[in-house]
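Trainee:
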Amino acid sequence: MKGRALLAAALALPVALAAALAEGPGEPRPVHVLRLEGIISTSAAHYFTTGLKQAQDARAGAL
Numbered sequence: 688m689k690g691r692a693l694l695a696a697a698l699a700l701p702v703a704l705a706a707a708l709a710e711g712p713g714e715p716r717p718v719h720v721l722r723l724e725g726i727i728s729t730s731a732a733h734y735f736t737t738g739l740k741q742a743q744d745a746r747a748g749a750l
């Protein structure tokens, strides 16, 4: 599951970057770009906090 999420984020990042570069200054962002950015940030936050919690648990178990 973790590998699949990392792969999805790695594949989605170039798409989001290309979309951000394609739009000019002051232009509204397309809805699909906003949704993609939301998915990426939500996934990244989830896996960061999950990994942080696992590291804290492992550290607490080692002490």
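Under my numbering, the first residue of the sequence shown carries the number 688, and numbering increases by one thereafter. Think of the CB as a built atom: it goes at the ideal place given N, C-alpha and C, for glycine as much as any other residue. All values derive from a computational prediction rather than experimental measurement.
1) Have a look at Pro717, Pro715, His719 and Ser730 and flag the residue whose alpha-carbon is nearest the alpha-carbon of alanine 671.
2) To the nearest angstrom, how far is the alpha carbon of leucine 704 from that of aspartate 744?
3) Using 8 Å as the threshold, is the C-beta distance between leucine 721 and valine 702 below it?
Mentor: The structure says:
1) Look at the range of the chain in this structure, 688 to 750, and you will see that residue 671 is not part of it.
2) For the purposes of this step, residue 704 is taken as residue 17 along the sequence shown, with counting starting at 1. For the purposes of this step, residue 744 is taken as residue 57 along the sequence shown, with counting starting at 1. Roughly 35 Å between the two C-alpha positions.
3) The sequence position of residue 721 within the sequence shown is 34, counting from 1. The sequence position of residue 702 within the sequence shown is 15, counting from 1. The answer is no: Cβ separation not under 8 Å.
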